[in-house]
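Everything on this sheet refers to the single structure shown next.
2 protein chains.
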Amino acid sequence: MTKSEVITKLLPKRRAWPQAAATAFAPANIALCKYWGKRDAELNLPTAASLSISLGRLGSEVTLAPRAGHDRFTLNGKLLAPESSFARRAAAFLDLFRPAREFCFEVTATNTIPTAAGLASSASGFAALTLALNELLGWRLERRQLSILARLGSGSACRSLFEGFVEWHAGEKANGMDSFAEPLAARWPDLRVGLVVLSDKEKPIGSRDAMAQTRDTSPLYAVWPETVTRDLVALKEAIRRRDFTRFGEVAEGNALAMHATMLAARPSILYCLPETIEAIHSVHALRAEGCEVYFTMDAGPNLKLLFRKPDLRSIVKGFPEVRVVSPFAT
Amino acid sequence: MTKSEVITKLLPKRRAWPQAAATAFAPANIALCKYWGKRDAELNLPTAASLSISLGRLGSEVTLAPRAGHDRFTLNGKLLAPESSFARRAAAFLDLFRPAREFCFEVTATNTIPTAAGLASSASGFAALTLALNELLGWRLERRQLSILARLGSGSACRSLFEGFVEWHAGEKANGMDSFAEPLAARWPDLRVGLVVLSDKEKPIGSRDAMAQTRDTSPLYAVWPETVTRDLVALKEAIRRRDFTRFGEVAEGNALAMHATMLAARPSILYCLPETIEAIHSVHALRAEGCEVYFTMDAGPNLKLLFRKPDLRSIVKGFPEVRVVSPFAT
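Chains as they are written, first to last, in the numbering used here: chain B, 982 to 1311; chain E, 982 to 1311.
Printed below as a string of structure tokens:
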């Protein structure tokens, strides 16, 4: 199954006339139950479902306009070289949707995520790009369908189509038409996410390669998909009951299980820096003092704290550099 | 099955008259393929086999003499309080072997492992104690049988009955009579073990409890025993062929897999300190520079380096504080 076949299934047969320009925003998202391992690398189909929280106004805004000649990409006010990683990935994604072979795009992207926040912007970037395409090319698709298209650009981008808690269904079909994202109804206004940046050094290995290496060489990977499946059920139950302790324990446990499967890869994949371990010990120390805080971490050395509003003061004391996000603030 | 039943099976029926005193030495050992998880906690029977390297003259020397009244323990020249952890464990072990209820022991133990070397001394301690008992009480048992008895005091003690590479068979019997240690014939004179001590802080959790918590709560533990079984075969093959690269890769991978299963326990068990991560990154950096060094680590924050004699100079440059052991030096 190729990306083009998926797109032919989803896009309207009658093409609308492109708009002059379209702008869209999509939030960044943090996985509480991780996406780690693909059943199909071409379509970015995951081995297991995952669950994330979107980060409100932290995300990416993309403006699209038709352009003659060749694509042009501007990121945070800077013109990108066509051979840069972002430009190449975005151009390959746009290739899937050009109304005509010579149809090119002017792409202007702005991340409202400070680069220093240590968050990946590819999820929100591809989600915003998909939303902007939907506007510009008049597809009038629903978010669920758009989440399938965004997934073709970056797996976790499908979750950035929605606010709040978002589940990405693993699906079973080879064409991935049942592997879409969907928001949970639950809101948790008290919930806070704290971004703790520990290093902006370049990662030793990108997540795409790290996933493949883990799946292919880690003796512990065999039980990872079932771990995710179990954690996802527990996490949804904890959210439904607003059981923060259970919520935090499962999210932290799931993140550590993911890093554990990577640690056991051969050769080992170690995203932790000394500062990461120090911060983890700080989280444990805060918790021992009665401040209920948990963490999650992705393919990098930074921590994302999970806590509730009343603990904000203790968190800031323990982590003076933390950037706090209120995912359910309006 | 109780410890006493095992002992009745092994000890000679006709008791010899105790000697006036007996002294024995046993080396410390470092597992290259780890013992982590018991199938029987009473008899210290492991879920899987393991493989270690003994550390030559680094170990424990124990002198035993009969004594009236009550046991008395001296460790490294210091009289121990009867309620200290070492005295209690040793007394419980001696209880299994007293020729008469009122028979007590004077136990004088000296560790030739500097405490600052960050090595557990319980394995060499129980092994030396077992050897001294064999002498003092005239059992005349073979090392293989003594390894079964030493195991009752501390699982990994059974491996300290031998020099060089030692395999501890998991066995299948409920009474553990087939769970003994045995030396490999192979010698590897070039092999060096470097002890890198990073902290002498007390561990967050002892290995006995950590094993149980990992087995009971880590979603990744399910595949640990089969990982060990596979690694053990690979390690023996690498030793047979003197394939140091394979040897180091498997030993390092096995240690990381063990720590990964602990990291995924809930709550997580994290023996790493920031210094540990720093040292791991240093090992990887040395390796990238062409100095072939690998590491293993146990239930603590310290690293044990594995390398060959020609790389000694680079190792000492990278780790000035390293203490180097030549396991096959005569």
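Backbone N, C-alpha and C define an ideal beta-carbon position, used for all residues, glycine too.
Proximal residues of chain B, C-beta to C-beta of residue i below 8 Å
i	result
Leu-1284 of chain E	Per Cβ cutoff of 8 Å: no residues; Leu-1284 of chain E is ~13 Å from chain B at best.
Glu-1148 of chain E	Simply none; closest approach about 20 Å.
Gly-1050 of chain E	Near Gly-1050 of chain E there are no residues of chain B at all, since even the closest Cβ is about 44 Å away, more than 8 Å.
Closer than 7 Å at the beta carbon, the chain B residues around residue i
i	result
Cys-1253 of chain E	Ile-1258
Gly-1271 of chain E	Those do not exist, as Gly-1271 of chain E stays about 16 Å from chain B at its closest Cβ, beyond 7 Å.
Gly-1175 of chain E	The contacting residues do not exist; Gly-1175 of chain E stays about 19 Å from chain B at best.
Gly-1040 of chain E	Those within 7 Å of Gly-1040 of chain E in chain B number zero; the least Cβ separation is about 30 Å.
Cβ-based neighbour list, residue i, same chain, cut-off 7 Å, excluding 5 preceding and 5 following
i	result
Glu-1116 of chain B	Gln-1000, Ala-1003 and Ala-1005
Phe-1309 of chain E	Gly-1145, Arg-1168, Trp-1169, Pro-1170 and Leu-1172
Ala-997 of chain B	Leu-1118 and Gly-1119
Ala-1260 of chain B	Val-1177, Leu-1179 and Leu-1284
Leu-1127 of chain E	Thr-1111, Leu-1112, Asn-1115 and Leu-1142
Leu-992 of chain E	Trp-1120
Leu-928 of chain E	Nothing in the structure corresponds to residue 928 of chain E, since chain E is present only between 982 and 1311.
Ser-1188 of chain B	Ala-1280
Ser-985 of chain E	Leu-1077
Check whether residue i and residue j have beta carbons under 9 Å apart
i	j	result
Gly-1234 of chain E	Leu-1287 of chain E	no
Arg-1053 of chain E	Phe-1086 of chain E	yes
Thr-1028 of chain E	Trp-1149 of chain E	no
Thr-1257 of chain E	Leu-1179 of chain E	yes
Ala-1012 of chain B	Thr-1277 of chain B	yes
Ala-1104 of chain E	Arg-1020 of chain E	no
Ala-1236 of chain E	Arg-1227 of chain E	no
Ser-1160 of chain B	Arg-1132 of chain B	yes
Ala-1030 of chain B	Asp-1279 of chain B	no
Thr-1246 of chain B	Tyr-1202 of chain B	The question names Thr, yet the displayed sequence has Ala at residue 1246 of chain B. Cβ atoms of Ala-1246 of chain B and Tyr-1202 of chain B: closer than 9 Å.
Cys-1014 of chain E	Asp-1212 of chain E	yes
Tyr-1016 of chain B	Ser-1199 of chain B	no
Leu-1293 of chain B	Val-1305 of chain B	yes
Leu-1039 of chain E	Thr-1093 of chain E	yes
Tyr-1252 of chain E	His-1240 of chain E	yes
Pro-1282 of chain E	Lys-1182 of chain E	yes
Gly-1299 of chain B	Ala-1266 of chain B	yes
Phe-1067 of chain E	Leu-1060 of chain E	no
Integer-rounded CB distance, given that residue j should sit under 8 Å from residue i
i	j	result
Gly-1037 of chain B	Pro-1008 of chain B	6 Å
Pro-1080 of chain E	Leu-1118 of chain E	7 Å
Glu-1163 of chain B	Val-1147 of chain B	7 Å
Ile-1034 of chain B	Asn-1010 of chain B	7 Å
Pro-1255 of chain B	Pro-1255 of chain E	4 Å
Under 7 Å by beta carbon: chain E residues contacting residue i
i	result
Ala-1203 of chain B	Val-1204
Ile-954 of chain B	The question about residue 954 of chain B has no answer here: the residues shown for chain B are numbered 982 through 1311.
Gly-1018 of chain B	The contacting residues do not exist; Gly-1018 of chain B stays about 14 Å from chain E at best.
Contact set between residue i and chain B, taken where Cβ atoms lie within less than 9 Å
i	result
Thr-1242 of chain E	Leu-1201, Ala-1241 and Ala-1245
Thr-1208 of chain E	Pro-1200, Leu-1201 and Ala-1245
Glu-1230 of chain E	Arg-1247 and Pro-1248
Contact set between residue i and chain E, taken where Cβ atoms lie within less than 8 Å
i	result
Pro-1281 of chain B	The sequence given here places Gly at residue 1281 of chain B; Pro does not occur at that position. None at all; the shortest Cβ gap to chain E is about 14 Å.
Leu-1237 of chain B	Leu-1244, Ala-1245 and Ser-1249
Gly-1145 of chain B	Those within 8 Å of Gly-1145 of chain B in chain E number zero; the least Cβ separation is about 26 Å.
Chain-order list of residues whose beta-carbon lies under 6 Å from that of residue i (same chain, five-residue window excluded)
i	result
Leu-1122 of chain B	Asn-1115
Gly-1134 of chain E	Phe-1074 and Phe-1107
Leu-1024 of chain E	Gly-1157
Ser-1295 of chain B	Cys-1272
Arg-1221 of chain E	none
Pro-1047 of chain B	Pro-999
Proximal residues to residue i (C-beta, below 8 Å), its chain only, five neighbours per side dropped
i	result
Ile-1250 of chain E	Pro-1185, Ile-1186, Ala-1191, Gln-1194, Thr-1195, Met-1243 and Leu-1244
Val-1088 of chain B	Val-1043, Thr-1044, Leu-1045, Asp-1052, Arg-1053, Phe-1054, Thr-1055, Ala-1071, Leu-1075 and Leu-1110
Lys-1217 of chain B	Leu-1032, Glu-1148 and Leu-1165
Ile-1129 of chain B	Val-987, Leu-991, Cys-1139, Gly-1157, Met-1158, Ser-1160 and Phe-1161
Ala-1215 of chain B	Arg-1227 and Val-1231
Neighbour list for residue i in chain E, Cβ cutoff strictly below 9 Å
i	result
Ile-1186 of chain B	Within 9 Å Cβ-Cβ: nothing; Ile-1186 of chain B doesn't reach chain E, min ~12 Å.
Gly-1119 of chain B	Those within 9 Å of Gly-1119 of chain B in chain E number zero; the least Cβ separation is about 47 Å.
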